[in-house]
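Counting from 1, one number per residue, gives the positions in the sequence shown under the UniProt record's numbering.
Data block below; observations after.
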Amino acid sequence: MILEEKDKQIINHIQSDFPICKRPYAAIGEALSMEESEVITRVAKLKEMGIIRRIGGNFSPEKVGFHSTLCGARVPEEKVEAFAEVVNSYRGVTHNYVRDDEFNVWFTFIEASVAQIEANLAEIAERTGVTSIYNLPATHIFKIRAEFTVE
């Protein structure tokens, strides 16, 4: 997939410098010498293409009273797609990915309480028939700045 230079500029700019203002796309356009409408159109295209998944804030769960956990599940290959679809239907799931391992589906879950996480995991097991789901609650959060420069 080949991205236009302006698309790359937008991606690089919004990863860590998304403006918090009344008209953020106008501010991005001003910073990148583009019109607001062009930025909006390009971001919509990038979202449609799946390059941009979401635009939103990142918060430290523990600082706002939430709990987070990493979950690993042993999912039969033929059930991976359906399992991922169920997991992704939960609002508190922030990441979900497949690994080449015995525990092949991993996801993170953030909720207001440990009890809610446990209830959701029990519900996922019931809905999918996958009962090998490990719940590995966070005991200490290490945040890194993940930024990917598109060249």
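Built from N, CA and C at the ideal position, the CB exists for glycine as well.
Just so we're clear, the structure is a prediction, and the values are computed from it rather than from any experiment.
- Between the alpha carbons of I14 and V98 lies a gap of roughly 27 Å.
- Rounded to the nearest whole angstrom, the C-alpha separation of V130 and P137 is 19 Å.
- The bridge partners DSSP lists for Y134 are G72.
- In the assembly as shown, V43 is a buried residue. Its beta-carbon has 16 or more other beta-carbons within 10 Å.
- Distance between M49 and V150, taken at the CA atoms: about 16 Å.
- Under the DSSP definition of a beta bridge, F109 partners with T69 and V93.
- Annotation: T128 to A26 spans about 44 Å, alpha carbon to alpha carbon.
- For V98, the pairing in a beta bridge is given by DSSP as V105.
- Look at the UniProt domain "Siroheme decarboxylase NirL-like HTH" (7-53) and you find these whole runs of alpha helix (DSSP H), each 4 residues long or longer: 24-32 and 36-48.
- Here DSSP, grouped into helix, strand and coil, assigns I2 to coil.
- Across the structure, E118 and T108 are spaced so that their CA atoms are roughly 13 Å apart.
- Linking I52 to I40 through their CA atoms gives a straight-line distance of about 13 Å.
- Exclusion of the five residues before and after E36 leaves Y25, A26 and G29 as the residues of its chain whose Cβ lies within less than 6 Å of its Cβ.
- Restricting attention to C21, R91 and S68, the CA atom closest to the CA of N135 is found in S68.
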